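Report on the following structure.
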Amino acid sequence: MSVLVELTIFPTDKGISVSPYVARVVEILRASGLSCNLGPMGTNIEGEWDDIMAAVTRCYRALAEDCDRIYIVMKADCRKGAENRMEGKIKSVEAKL
Numbered sequence: 104m105s106v107l108v109e110l111t112i113f114p115t116d117k118g119i120s121v122s123p124y125v126a127r128v129v130e131i132l133r134a135s136g137l138s139c140n141l142g143p144m145g146t147n148i149e150g151e152w153d154d155i156m157a158a159v160t161r162c163y164r165a166l167a168e169d170c171d172r173i174y175i176v177m178k179a180d181c182r183k184g185a186e187n188r189m190e191g192k193i194k195s196v197e198a199k200l
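Given below as structure tokens:
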């Protein structure tokens with residue numbers, strides 16, 4: 104089953120700018136081999152459920168090493184028989200504009 108996730112994860116105890124921590128998370132996601140796109144408010148990830156959850160767990164653990172409070176929001180859309188949904192969903196809407 105194809106899973107499309109939007110993940111927002113960052114520490115809340117590291118001051119105003121948390122971009123170094125977001126960059127750490129994005130590096131982990133890119134190294135996972137999953138399709139991912141960084142956005143201004145979160146990162147989209149596409150793959151299989153277990154692979155995505157394993158990557159999210161690695162992100163959490165990496166931040167937990169030196170962060171005392173971590174904020175996480177995750178939305179997921181699971182669909183059988185679908186592929187390349189990050190691009191496909193956008194193209195579908197753009198074709199109708």
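Just so you know, we're using our numbering here: the sequence shown kicks off at 104 and counts up by one.
Yeah, the Cβ is synthetic: ideal placement off N, Cα and C, and Gly gets one too.
Every value quoted in this text rests on a predicted model; they were computed, and no experiment measured them.
- Query: Smallest Cα separation from R182: which of W152, T160, E168?
  - Reply: The residue you call residue 182 lines up with position 79 of the sequence shown. Nearest option by C-alpha distance: W152.
- Message: Quick check on V108: does DSSP put it in helix, strand or coil?
- Response: Position 5 of the sequence shown, counting from 1, holds the residue named residue 108. V108: strand per DSSP, three-state reduction.
- Message: What does DSSP give as the partner residue(s) for A179 in the beta ladder?
- Response: The residue you call residue 179 lines up with position 76 of the sequence shown. According to DSSP, which records beta bridges pairwise, A179 is partnered with V108.
- Inter-stretch contact at 8 Å, needing at least 3 Cβ pairs: the stretch 190-200 / the stretch 119-127: Between the stretch 190-200 and the stretch 119-127 there are fewer than three inter-stretch CB-CB distances shorter than 8 Å, so the stretches are not counted as touching.
- Near G142, which residues of its chain fall below 6 Å by C-beta distance, leaving aside the five closest residues on each side in sequence? Your numbering for residue 142 matches position 39 in the sequence shown. Non-local C-beta neighbours of G142 in its own chain, meaning closer than 6 Å and more than five positions away in sequence, are absent.
- Task: Would you mind giving the Cβ-Cβ distance between R172 and D116, rounded to the nearest angstrom? I have them listed as a contact below 8 Å.
- Result: On the sequence shown, residue 172 is found 69 positions in, with the first residue counted as 1. On the sequence shown, residue 116 is found 13 positions in, with the first residue counted as 1. Right, the Cβ-Cβ distance comes to about 5 Å (below 8 Å), so this counts as a contact.
- Measure the C-alpha to C-alpha separation of Y124 and L166 and round it to an integer number of angstroms. Your numbering for residue 124 matches position 21 in the sequence shown. Your numbering for residue 166 matches position 63 in the sequence shown. Their backbone Cα atoms lie some 7 Å apart in a straight line.
- Query: In three-state DSSP terms, what is C139?
  - Reply: Taking the first residue of the sequence shown as 1, we reach residue 139 at position 36. It is a strand residue.
- Message: Going by DSSP in three states, I119 sits in which element: helix, strand or coil?
- Response: Taking the first residue of the sequence shown as 1, we reach residue 119 at position 16. I119 falls in the coil class under three-state DSSP.
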